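If you use my numbering, the sequence shown corresponds to residues 8 to 301, in order.
We put the beta carbon where it would ideally sit given N, CA and C, even for glycine.
None of the values given here were measured: they were computed from a predicted structure.
First comes the structure, then the notes that go with it.
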Amino acid sequence: MMNLSSTMKAYGCRYCVSPLKQLLHTTNHHLRFRPRSPPFFSSSFNNLKLPNFNLLLTYNSLFFTTEHLWGRSGMNTNKKMVEHLQQYGVISSEKVARVMETIDRALFVPDRTPAYADCPQEIGYNATISAPHMHATCLQLLEEKLQPGMHALDVGSGTGYLTACFAMMVGPQGRAIGVEHIPELVASSINNIEKSAAAALLKKGSLSMHAGDGREGWPECAPYDAIHVGAAAPEMPQALLDQLKPGGRMVIPVGNIFQDLKVVDKNPDGSISIRSESSVRYVPLTSRDAQLQS
Ligand code: SAH
């Protein structure tokens with residue numbers, strides 16, 4: 008029998024339903040067990056763009072849960088959010104913790120949304136900012152390839168939050184590129200970054216945000232040590248594989264209804280190794296028209 012306060016972590020809950028509903032509906036495919044994961048309430052939300060009726064269900068339960076619990080715990084600052092992710096083992100590296108502390112998530116979420124809640128937030132154009140635990144997970148997976156001076160590409164950069172974190176990791180000698188196909192989101196991501204600790208890197212040009220179809224990558228600055236894709240590809244995009252440096256790593260959700268977060272390593276001889284990290288739910292990596300009409 009599952010214990011609600013156990014260390015179970017559901018990264019792939021399909022419809023982001025309330026914790027109770029989630030427990031009734033989960034299957035092994037959707038669950039990921041980790042020994043030090045956060046309490047169920049804070050980690051069960053991912054990047055899903057929800058149909059309206061689910062949105063009501065989810066956000067009602069979400070607001071109830073976060074306000075109720077956070078009111079008691081006082082976890083209402085960026086620092087507390089990071090400590091929480093550290094406490095439950097989502098963040099294990101000091102560098103990732105420092106960078107997530109430095110880039111305040113509140114600058115990247117729309118007004119009147121709970122900035123530090125561990126869930127995705129709507130950002131318009133049928134897109135979301137990913138949940139903090141997904142940002143942390145991807146930073147952890149890519150950390151080795153985000154050393155000072157390295158090159159990183161963030162496809163589907165949305166609010167610019169993760170691109171800003173990448174820029175802080177690779178530093179002024181490195182290069183962080185964000186590619187997003189909704190020009191309005193590119194513009195607002197630049198505004199967000201200008202208010203953040205990564206503003207100087209944007210000004211200097213080691214961090215840049217671009218409008219374009221991320222399925223084609225960003226060949227001008229390739230090859231990349233690290234590629235992150237923030238939307239689910241129906242299949243592995245060849246252009247992104249081509250733009251990965253030998254020794255580089257890509258983290259990409261792949262699939263349609265059922266998606267896996269894939270960790271793709273390009274070996275020094277150019278061969279590719281792929282493993283699945285977890286089941287996830289992201290918005291699709293698609294055309295602009297398809298996204299806006301969905
Ligand atoms: N990682 C970002 C956004 C995640 S949502 C954040 O956390 O803020 C996924 C993003 O991918 C959306 O902003 C969506 O507009 C974008 N996207 C989807 N298909 C794309 C494509 N073909 N090219 C570029 N961006 C795309």
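Using only CA atoms, which one of the options lies nearest to residue i?
i, options, result
"Ala124", "Pro139, Tyr132 and Ala238", "Pro139"
"Gly237", "Gly221, Gln94, Ser213 and Gln245", "Gly221"
"Cys145", "Asn198, Gly156 and Leu160", "Leu160"
"Lys210", "Cys228, Ala174 and Glu223", "Ala174"
"Glu223", "Met176, Ser294 and Gln266", "Ser294"
"Ile281", "Gly255, Ser301 and Pro291", "Gly255"
"Lys273", "Asp249, Thr109 and Ala143", "Asp249"
"His188", "Glu108, Cys172 and Pro291", "Pro291"
"Phe115", "Pro127, Lys102 and Ala104", "Pro127"
"Pro253", "Lys152, Leu192 and Gly178", "Lys152"
"Gln180", "Ala194, Gln154 and Asn198", "Gln154"
"Phe265", "Ile200, Glu129, Val287 and Glu108", "Val287"
"Ile110", "Ala204, Asn198 and Thr166", "Ala204"
"Ala113", "Ser100, Gly96, Val89 and Gln94", "Val89"
"Val103", "Val270, Glu150 and Gly277", "Glu150"
"Ala240", "Asn133, Leu268, Ile197 and Ala171", "Leu268"
"Asp296", "Ser195, Ala134, Ser215 and His142", "Ala134"
"Glu108", "Ser137, Glu191 and Gln93", "Gln93"
"Thr84", "Pro121, Glu101 and Pro117", "Pro121"
"Gln245", "Val271, Cys228, Asn263 and Glu227", "Val271"
"Tyr231", "Ser301, Met157 and Arg119", "Met157"
"Val97", "Leu214, Ser278, Tyr289 and Glu284", "Glu284"
"Pro190", "Gly212, Lys202, Ala206 and Thr166", "Thr166"
"Leu299", "Ile197, Leu192 and Pro117", "Leu192"
"Met141", "Glu129, Leu169, Glu242 and Arg119", "Leu169"
"Met176", "Glu242, Ser213 and Tyr289", "Ser213"
"Gln147", "Glu129, Gly131, Cys172 and Ile136", "Cys172"
"Tyr132", "Ile200, Glu227, Met216 and Ser195", "Ser195"
"Asn218", "Ala229, Ile197 and Ala207", "Contrary to the premise, residue 218 reads as Ala rather than Asn in this sequence. Minimum Cα distance to Ala218 is reached at Ile197."
Considering only heavy atoms of the ligand SAH, does any lie closer than 6 Å to the CB of residue i?
i, result
"Tyr231", "no"
"Ser137", "yes"
"Gly131", "no"
"Tyr123", "no"
"Ile279", "no"
"Asp296", "no"
"Arg222", "yes"
"Ala238", "yes"
"Glu187", "yes"
"Leu292", "yes"
"Tyr168", "yes"
"Gly165", "yes"
"Ala134", "yes"
From the DSSP output, read off the bridge partner residues of residue i.
i, result
"Val287", "Gln266"
"Pro260", "Leu268"
"Arg282", "Val270"
"Ile136", "Gln128"
Spell out whether any CB of chain D is found under 7 Å from the CB atom of residue i.
i, result
"Gly163", "Looking for chain D here will not work: only one protein chain is present."
> Are there three or more Cβ pairs, one per stretch, closer than 8 Å when the segment 250–268 is compared with the segment 176–192?
Replying inline: The segment 250–268 makes no contact with the segment 176–192; the number of CB pairs closer than 8 Å stays below 3.
>> Taking contact to mean 3 or more Cβ pairs, one atom from each stretch, closer than 8 Å, check whether the segment 218–235 and the segment 160–176 are in contact.
In response: Yes: the two stretches touch, three or more of their Cβ pairs being nearer than 8 Å.
> What residue ranges within the segment 149–219 form continuous beta strand (DSSP E) runs of no fewer than 3 residues, ordered along the chain?
Replying inline: Note on the segment 149–219: whole beta strand (DSSP E) runs with a minimum of 3 residues are 158–162, 182–187 and 214–218, in chain order.
> Which parts of the segment 226–255 are runs of the beta strand (DSSP E), unbroken and 3 residues or longer, counting only runs that do not cross its ends?
Replying inline: For secondary structure counted as the beta strand (DSSP E) over 3 or more consecutive residues, the segment 226–255 holds these complete runs in sequence order: 231–236.
> Which full runs of the alpha helix (DSSP H) of 4+ residues lie inside the segment 86–128, going along the chain?
Replying inline: With a minimum length of 4 residues, the unbroken runs of alpha helix (DSSP H) contained wholly in the segment 86–128 fall at 101–109.
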